[in-house]
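Shown next, in structure tokens, is the structure this report addresses.
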Amino acid sequence: MIQSMTAFGSAQTESELGSITVELKSVNSRYLDLNFRIPDELRQTENGLRELLTGKINRGKLEVRVSFIKNQAGTALSIEPELLKDIATLLADVRAVLPETETPKLIDLVTWPSQKAKPDSGTEWQVQCLETARLAIEEFITARLREGERLGSAMKDYAKAMADIVKKVEAILPDIHAEYRTKLATKLQETLEAACPNGLQHLSGEELSTRIASESALFSLRIDVAEEITRLHSHLKELQLLLEGKTKNNKQSTGKRLDFLFQEMNREVNTLGSKSSSLEITQAVIDLKLYIEQLREQAQNIE
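In my numbering, the protein residues as written are 1062 to 1364.
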């Protein structure tokens, strides 16, 4: 299954220590671009998170947010004695310059920066954080697959429309070639008669027919698009396999493979257009190029 690069996933776990929340949000990017927003108290988990993410995700600009709330139930308020002495010393130094400085309130002392709740056990918090991240990644990938399924469905519709156009072109090619050979033969004969009104008597009917057939055959070779049609059929079949996840090498980025495939499709369609000898084929080329562009736009969001 294909995955979209745009998705969101989150998870929260509870323990005796408290709760941890991990949120993952990604948008399009050519490569995997990780951006971590982690509290300093949980900074040691970054390497573990990076390893988890790179093992599951190939592409996308991914923002990782981690937050925690320590369980304060039954915990008595306290102030570290050494911190209290440091605050008193600092207050005395400040009052020496600014005598009117007010004494800090109790709530200010309790919530002093170094008094803020921190994880009691780094190892336990790290284990909980990584477990929460695994749950968030599962939800995140599920969301990517869901969006990828919608993208794949739209792209299959475009591919089917392209296949129908190619089949129509293939079906009308014999009639187009026959009609053009007839027109060319008539034109050649008229040209020869206009250039030499009395000069064709020395040419037998068989020689004239051979000359016309030779010119027609040469022109038919120049406008023959059978090879381009065959390759377009092959590319559309490969597109179907990619969208269904049935290719042999599933480790490669599907989005990048699709981008390369659309380049090849566009090359064949351009050649088809340059060899176009009828209004029907010209219109088919225009429609094919529009569908390829729509496919390319959708593929930009695929991992």
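Note that CB positions come from ideal geometry on N, CA and C, so glycine has one too.
These numbers were taken from a predicted model, which means no experiment stands behind them.
- Secondary-structure assignment with DSSP links R1098 through a beta bridge to R1126.
- Per the coordinates, the alpha-carbon of L1152 lies some 34 Å from the alpha-carbon of L1078.
- Rounded to the nearest whole angstrom, the CA to CA distance from M1326 to N1132 is 59 Å.
- Its Cα nearest to that of T1343, the residue I1237 stands out among Q1301, I1237, L1300, L1144.
- A residue is called buried once 16 or more other Cβ atoms fall within 10 Å of its Cβ, and S1295, having fewer, is exposed.
- Nearest in C-alpha terms to C1190, of all of L1340, S1080, N1089, is S1080.
- Taking a cut-off of 8 Å on C-beta distances, the segment 1083 to 1103 does not touch the segment 1140 to 1155, as fewer than three cross pairs fall below it.
- Annotated three-state conformation of L1300 is helix, per DSSP.
- Under the three-state reduction of DSSP, G1334 is assigned to helix.
- Q1073 carries a strand assignment under DSSP once its states are collapsed to helix, strand and coil.
- Residue burial is scored here from C-beta neighbours: L1167 has fewer than 16 other C-beta atoms within 10 angstroms and is therefore classed as exposed.
- Membership of L1085 in the beta strand (DSSP E) is indicated by the continuous run 1079 to 1088.
- Remark: three or more beta-carbon pairs, one from each stretch, lie closer than 8 Å, so the segment 1216 to 1223 and the segment 1301 to 1309 are flagged as touching.
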